[in-house]
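Have a look at the structure below before the remarks.
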Amino acid sequence: MKKILVTGALGQIGSELVEKLRDIYGDTNVIGTDIRKRAGQSDELPFETVDVTDADRLYSVAKEHQVDTIMHLAALLSANAEKKPKLAWDLNMGGLVNALEVARELDLQFFTPSSIGAFGPSTPKDNTPQDTLQRPTTMYGVNKVAGELLCDYYYNHFGLDTRGVRYPGLISHATPPGGGTTDYAVEIYYEAMKHKAYSSYIAENTYMDMMYMPDALDAIIQLMEADPTNLKHRNAFNISAISAAPKDFAKAIQKYIPDFTLSYDIDPIRQEIAESWPNHIDSSAATKEWGFKAKYDIDKMTRAMLEHIGYKVDS
Ligand code: VAH
Numbered sequence: 633m634k635k636i637l638v639t640g641a642l643g644q645i646g647s648e649l650v651e652k653l654r655d656i657y658g659d660t661n662v663i664g665t666d667i668r669k670r671a672g673q674s675d676e677l678p679f680e681t682v683d684v685t686d687a688d689r690l691y692s693v694a695k696e697h698q699v700d701t702i703m704h705l706a707a708l709l710s711a712n713a714e715k716k717p718k719l720a721w722d723l724n725m726g727g728l729v730n731a732l733e734v735a736r737e738l739d740l741q742f743f744t745p746s747s748i749g750a751f752g753p754s755t756p757k758d759n760t761p762q763d764t765l766q767r768p769t770t771m772y773g774v775n776k777v778a779g780e781l782l783c784d785y786y787y788n789h790f791g792l793d794t795r796g797v798r799y800p801g802l803i804s805h806a807t808p809p810g811g812g813t814t815d816y817a818v819e820i821y822y823e824a825m826k827h828k829a830y831s832s833y834i835a836e837n838t839y840m841d842m843m844y845m846p847d848a849l850d851a852i853i854q855l856m857e858a859d860p861t862n863l864k865h866r867n868a869f870n871i872s873a874i875s876a877a878p879k880d881f882a883k884a885i886q887k888y889i890p891d892f893t894l895s896y897d898i899d900p901i902r903q904e905i906a907e908s909w910p911n912h913i914d915s916s917a918a919t920k921e922w923g924f925k926a927k928y929d930i931d932k933m934t935r936a937m938l939e940h941i942g943y944k945v946d947s
């Protein structure tokens, strides 16, 4: 029976991942951890306060709960990392090496996500290959490339069962993202419902890879349960569902809210980050090695997002 510790359990991915893991493996077999509890959070389900930069605390919680898997999600995202690069290095790299060391000492299976942020301006932008040039120009990207290599090292050097994906921008209705470059793709739905208008900080024709959260969560489960003998790669599988620019989200939303209008107020920092990332990455290695296949295109995601945030799509 799997027993899983999730770091960053109250974040955009973590909050939905913990719920899905509990549905699959049982409520008491998933230990959510984050740097603090959320106000009013119930004590019913296993949760521990863990700062991932505190190696001893992380080790003692993993040992006490006798977990067999760590899913390490705690991190500072791209835009926030540019504002606080030293904090980003300490959290993103210090937290990762602590989590890897706990996994090594307790012989745990290990998952952590990389990102399309691991690519840079010199990376081929269209159908970005699984194995290609990675010279990111952001602290987040430096963290992600170093993280991919560190996880490969723990697999090759210590035999640790490390696995990971390069996530695109993730779109979810449960927990708003914080401090990312792709957050516009979540905000636009809420603003469309509330105000029938949104002002995008990313330019009209700036394409990035995106994915609806249910596909992102299915990918983790599928990869972690995949037959390891089929895995030629380990810690940085390209996965994407949608390649879209702000104008594409507007078009999809206007099918339900015809008078929705999109304007632009570009944020130079996040625009520069977005322009350094690919337009669309090639997911074929993930499909070939562990059967990755996204279910949501932009239209199916748009309907689901609007429904989940309370817009009457069939009115
Ligand atoms: C960010 N949502 O914007 C994250 C993600 C691919 C983007 O890594 O930083």
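In my numbering, the protein residues as written are 633 to 947.
Every residue, glycine too, gets a C-beta built ideally from N, C-alpha and C.
Given the structure is predicted, the values throughout are model-derived calculations rather than measurements.
Can you tell me the Cα-Cα spacing of residue i and residue j, whole angstroms?
i: residue 631; j: residue 776; result: Because residue 631 is not part of the residues shown, which for the chain are 633 to 947, the question remains open.
i: residue 830; j: residue 821; result: 9 Å
i: residue 933; j: residue 801; result: 13 Å
i: residue 850; j: residue 900; result: 34 Å
i: residue 889; j: residue 944; result: 10 Å
i: residue 746; j: residue 722; result: 17 Å
i: residue 640; j: residue 811; result: 14 Å
i: residue 677; j: residue 808; result: 22 Å
i: residue 679; j: residue 828; result: 38 Å
i: residue 883; j: residue 717; result: 36 Å
i: residue 843; j: residue 803; result: 6 Å
i: residue 736; j: residue 786; result: 8 Å
i: residue 642; j: residue 683; result: 13 Å
i: residue 880; j: residue 928; result: 15 Å
i: residue 655; j: residue 817; result: 27 Å
i: residue 658; j: residue 648; result: 15 Å
i: residue 868; j: residue 672; result: 36 Å
i: residue 669; j: residue 675; result: 10 Å
Cβ of residue i within 8 Å of Cβ of residue j?
i: residue 781; j: residue 742; result: no
i: residue 918; j: residue 871; result: yes
i: residue 839; j: residue 876; result: yes
i: residue 690; j: residue 750; result: no
i: residue 755; j: residue 910; result: yes
i: residue 795; j: residue 725; result: no
i: residue 634; j: residue 701; result: yes
i: residue 770; j: residue 692; result: no
i: residue 713; j: residue 772; result: yes
Those runs of the beta strand (DSSP E) which lie wholly inside the segment 784-815 and span at least 3 residues
797-799 and 801-803
Report all residues for which the CB-ligand distance to some heavy atom of ligand 1 is below 5 Å; order them along the chain.
709, 710, 747, 748, 749, 801, 812, 813 and 814
Contained beta strand (DSSP E) runs [length at least 3] in the segment 739-781, N- to C-terminal order:
741-743 and 758-760
Which runs of the alpha helix (DSSP H) spanning at least 4 residues fall entirely within the segment 876-904, listed in chain order?
878-886
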